[in-house]
């Protein structure tokens with residue numbers, strides 16, 4: 003058996019029946035991708051990028067924090083603190099955080115990047131996600147020498163974490 007220090011921590015969250023669109027605890031109301039205004043072009047969010055979209059299939063949108071409109075997601079698009087990633091009914095997407103964690107969203111999913119801080123020089127990582135609806139797969143890279151490492155996913159009914 004491989005030692006825990008050398009294994010990738012893989013979290014499978016199949017949230018479908020546990021979380022509904024009304025579970026948007028961190029904002030006033032959920033985002034409906036079918037009625038979302040999609041802006042032409044793209045404006046980056048505020049602060050440093052926390053990750054980047056790697057793959058897009060179908061209608062996928064990114065909504066920056068405190069905005070009522072979104073942008074059509076594309077491979078190479080930077081993600082920022084507070085960004086919400088939404089997938090349409092026949093869509094999927096995958097993105098990578100700066101710490102090497104990889105997240106993929108199934109059709110009809112909505113996830114907000116609440117926080118993602120990666121400081122390799124300080125051997126520290128802290129990531130928090132809010133899974134509002136749908137299904138996601140999180141592949142979280144284990145840091146062997148980390149002084150502080152946490153990755154948490156909040157849903158309507160629970161919080162899952164990796165340390």
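In the working numbering, the protein residues as written are 3 to 165. The beta carbon of each residue, even a glycine, is placed where N, CA and C say it ideally should be. Note that the structure is a prediction, hence the values are computed from the model and not measured.
- Within the stretch 49-134, the runs of beta strand (DSSP E) that reach at least 3 residues and sit entirely inside it are, in chain order, 53-59, 62-65, 71-74, 86-89, 94-99, 104-107, 112-121.
- By the C-beta criterion, the stretch 35-48 is judged to be in contact with the stretch 60-77, since at least 3 inter-stretch pairs fall below 8 Å.
- In the DSSP assignment, residue 157 is bridged to no other residue.
- When secondary structure is reduced to three states using DSSP, residue 141 falls in the strand class.
- The closest CA to that of residue 62, considering only 152, 40, 159, 53, is found on 40.
- In the same chain as residue 118, and ignoring 5 residues on each side of it, the C-beta atoms closer than 6 Å to its own belong to 52, 99, 129, in chain order.
- Contact annotation: residue 60 and residue 90 have beta-carbon atoms nearer than 7 Å.
- For residue 35, no beta strand (DSSP E) run applies, since DSSP gives it neither H nor E.
- Taking the Cα of residue 97 as reference, the smallest distance to any Cα among 73, 152, 57 is reached at 57.
- For residue 35 and residue 135, the gap between their C-alpha atoms comes out near 12 Å.
- The shortest CA-to-CA distance from residue 95 to any of 157, 107, 84 is the one to 107.
- It is roughly 22 Å from the alpha-carbon of residue 103 to the alpha-carbon of residue 158.
- In this structure, residue 115 sits away from residue 80, with a CB-CB distance that is not shorter than 7 Å.
- Here residue 45 carries a coil assignment [DSSP, helix/strand/coil].
- Excluding five sequence positions before and after residue 101, the CB atoms of its chain that fall closer than 6 Å to its own CB belong to 120, 127, given in chain order.
- Selection 138, 75, 155 evaluated against residue 132 yields 155 as nearest (Cα-Cα).
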